[in-house]
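Report on the structure given below.
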Amino acid sequence: MKRATSAFCFLLLATAAVGKDKPKITIQVVDTQASERQYSYVVPGTAAQSTTNCNSNATAMAIGDNMTTANGTTNCRTTTTPGRPARTVVNSIPQEHVHAIMPEGTHVTLWCQRGFRQCRYLNPGTYAAQLSGDTLWVYGHDLGGKEHKIKYHAAGGW
């Protein structure tokens with residue numbers, strides 16, 4: 035029992051240490067440049083398809099002992115669905131390149147790309163941020179005053 039309690043306390047402390055937020059720093063944004071990354075993909079074409087349906091009618095008449103005549107008609111209708119040629123679709127993804135100065139004076143370009151996450155243009159000024167490896171979480175506020183964390187990656191210097 036004592037061993038289980040010790041293991042539980044260790045896991046609880048380890049979880050608290052992992053979940054602990056990094057200290058906030060202040061960065062100075064000098065400017066932001068917007069760009070778009072274009073990408074394309076091919077939608078495959080389809081082949082034309084034809085379907086034919088036929089209806090037949092016939093009448094047979096016996097003439098004598100060994101003679102028979104038959105008259106009939108067959109009406110067929112063919113429906114064709116035209117194929118579609120392959121096509122190339124071109125799209126773009128908005129990106130932001132933020133030129134910022136870190137607290138120790140390093141000039142860094144921060145990059146983000148819209149898609150599954152927020153990516154915002156940052157006006158010149160100071161911002162609170164958290165650094166984790168080459169990722170910088172910048173804190174910004176919307177017009178309603180709500181705080182948002184925006185994820186940027188360090189993409190080099192300037």
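Residue numbering for the sequence shown follows the numbering used here, starting at 35 and increasing by one per position.
Just so you know, even glycine gets a beta-carbon here, dropped at the ideal spot from N, CA and C.
As the structure is a computational prediction, the values presented were derived from the model and not from experiment.
Cβ-Cβ separation, residue j to residue i (assumed contact under 8 Å), whole Å
i, j, result
"T80", "G117", "5 Å"
"P128", "A68", "7 Å"
"Y173", "K183", "6 Å"
Under the three-state DSSP convention, the category residue i falls into
i, result
"D65", "strand"
"L156", "coil"
"W145", "strand"
"P128", "strand"
"R151", "coil"
"E138", "coil"
"K58", "strand"
"W192", "coil"
Sub-8 Å separation of residue i and residue j beta-carbons
i, j, result
"L170", "A163", "yes"
"S84", "T114", "yes"
"E130", "T66", "yes"
First and last residue of the uninterrupted beta strand (DSSP E) at residue i
i, result
"W171", "T169 to H175"
"M95", "Q83 to I97"
"G117", "It is not in any beta strand (DSSP E) - G117 carries neither H nor E in the DSSP assignment."
"K185", "E181 to A188"
Counted within 10 angstroms of its Cβ, other Cβ atoms place residue i as buried (16 or more) or exposed
i, result
"V124", "exposed"
"V76", "exposed"
"A96", "exposed"
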